Structures are given as C-alpha cells and as structure tokens.
Amino acid sequence: MKLSFNNIEKRFADLHVIKTFSREVEEGELIALVGPSGCGKSTLLHIAAGLEKPSAGSMLADGNPVQGPNPERMLMFQENALYPWMTLAQNVAMALELQKVEKKQARKQAFEWLDKVNLKGFEDYYPHQVSGGMRQRAALARAFISHPKVLLLDEPFGALDALTRMTLQDALRDLIREARPTVLLVTHDVDEALFLADRILVFSKRPATVLQEFNLAHYEKTHDLSEFAPVRRQILGLLGIHAEHEENTALLEGAGI
C-alpha cells in the first residue's frame, strides 16, 4: 500500500507541531523518522493510522483519503500492550478473532506466528511470566498475523536493552522481508534507522520540517555499520549531537559510570 502525505500541517490549539510535510512512501518501503522528542514524528504515525486528522493537507492510502483507523494500517507502540489475563497465544489470536476468524483457526495461526518469532513452547505463558523482549516478540507476531499492508512502528524497541533490541531488529527485518508491508518507523536510535531503513528522514525541532533525507535502499546491511559512519555523523550533526560526544557517552555507560 502506498502512502501519500500531501502538505501535511498539524496544530493542537496554539501548539504548532508539524509545519509542513510532503512525502510518498512506496509499497514495501521502510522509512525511518528521526528527530528531537516532541517534533511530531509520532503525530505523523497517528495521522497515517487515521487516529488524528491533519490541520491542513491530505493523507492518502493507495490514493484514497484516510478517514479513520483500518486493520490494513497497523500501529505498534513502544509498550507491547498485551492483555495480562491472556496467554501469549490468546493475545496474538485476538487480532484475527476481531476480524471474525474462527477461534480454532486463529489459535493455530497464532502458534505459527509465535514460532516465527522464536517463542515456540511459550504459547501458553502469560505476559508476566516472560521477559520484556519476549513480550515484544509476541507483540510483533500480533502485528503481523493479520497481514497489514502498512505497519506503523512507534519506538517499538526503545525500552529494551541493546542486545535484545538488536535481536528483535533482526526478527523484524526477517518478518518484513517475508510479508513486504509498507513501514514507517519512529526511532531515536540512529543505528536502528541505519540498519532497517530504505530511507531516513531527519526532522527539525517543532514545528517540524524535514532537514534532510538519506537514501540507503541500495545497501545490503548487517549490524556492522562502519561503512555508514559518514552518514551517521551527518545525522547526529543534524540532531545537534557531535559524534565524539556520543561515542564518549557510550564508553562511560559501558563502564558503568
């Protein structure tokens, strides 16, 4: 599904959040949105999901105006939002049951998707019985099980430790390669954007505009992002972060200081 943001502007009363935004996201493309906190990145996801209406401009999905939420456009938050009184399989199956899929068939597919995210054997565990990374894997399975045409990801791995985050980035990339949804990813992790995205849009402070776009679609990427060092420095510079300061902070954190 192709998304078209046409001269989008967004205000909340006197708060001017998005100054102007126009972009087309092609079917099967993954675009990462990075920028300062509060600059309107999540608001753009909400507009694409149909949860918010733009103050000006138009939001189209395959050329049709977005009038409200639709299961073809799935929004996934940083919090996994699993129901604590349901098992992982029940949480995942619920996405299909809401679309009137027969319960037995929904449960069968839930088991298959939990297997795809390496949760085989944990289907009947409750969310409080598994780790945060496992809960987020279950949330990924729930997001993909209904085969959405558009996946809107709002800091999906932001609350996880670095190792778990990298593991889930691999899982997400594998699922995207298989299902080929159109993806918008909001992240504060520049390395995550470099690893996953076909294009990266760097936003200014509020009211947001796009400062620069980086096209990475022609690269075959691994977690060794050394070849992207110049692009990484550019992005950090646009965000007002000097790479040396960022690296020194990472060293201090690694030493427990």
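Under the working numbering, the first residue of the sequence shown is numbered 17, with each subsequent residue one higher. Don't be surprised by glycine CBs; every beta carbon is placed ideally from N, CA and C. Please read all numbers here as calculations on a predicted model, not as lab measurements.
Run the CB neighbour count on residue i, radius 10 Å, all protein chains shown included, and call it buried at 16 or more, exposed below.
i      : result
Gly56  : buried
Asn264 : With a pLDDT of 45 at Asn264, under the threshold of 50, the modelled position of that residue is not reliable, and no figure is offered here.
Ala29  : exposed
Pro87  : exposed
Pro85  : exposed
Gly309 : Lying outside 17 to 273, the shown extent of the chain, residue 309 is not represented and no answer is given.
Gln185 : buried
Gln125 : buried
Ala98  : As written in the sequence, residue 98 is Leu, which differs from the Ala given in the question. With 16 or more other Cβ atoms within 10 Å, it is buried.
Pro246 : exposed
Leu114 : exposed
Ala72  : exposed
Lys165 : buried
Leu31  : exposed
Pro70  : buried
Output the distance between the C-alpha atoms of residue i and residue j, rounded to the nearest integer angstrom.
i      : j      : result
Lys237 : Pro197 : 19 Å
Ile24  : Asp170 : 19 Å
Val82  : Ala64  : 7 Å
Met182 : Lys35  : 33 Å
Leu252 : Val117 : 46 Å
Arg249 : Ser242 : 11 Å
Asn22  : Gly66  : 15 Å
Tyr141 : Leu156 : 16 Å
Ile273 : Phe219 : At Ile273, the pLDDT of 32 sits below 50, so the modelled position is not reliable; the number obtained from the coordinates is stated separately. If you take the alpha carbons of Ile273 and Phe219, they lie about 31 Å apart.
Phe37  : Lys120 : 44 Å
Met90  : Leu167 : 5 Å
Hey, would you say residue i sits closer than 8 Å to residue j, going by beta carbons?
i      : j      : result
Ala213 : Leu201 : yes
Thr103 : Glu128 : no
Leu130 : Ala122 : no
Arg158 : Asn107 : yes
Glu40  : Lys18  : yes
Leu255 : Gln228 : no
In this structure, what does DSSP give as the bridge partners for residue i?
i      : result
His32  : Arg27
Pro81  : Leu76
Glu40  : Ser20
Val228 : The amino acid at residue 228 is misidentified as Val; the sequence shows Gln. Beta-bridge pairing links Gln228 to Val218.
Met92  : Leu169
What distance in whole Å lies between the Cβ atoms of residue j and residue i, which are believed to be in contact at a cut-off of 8 Å?
i      : j      : result
Val206 : Val50  : 6 Å
Arg153 : Val133 : 4 Å
Ile216 : Ala209 : 5 Å
Gln94  : Ala178 : Incorrect: roughly 16 Å between the Cβ atoms, too far for contact.
Val33  : Arg222 : 6 Å
Ser20  : Leu76  : 4 Å
Thr59  : Glu45  : With a Cβ gap of about 20 Å, Thr59 and Glu45 do not count as contacting.
Met92  : Pro143 : Not a contact, Cβ separation roughly 16 Å.
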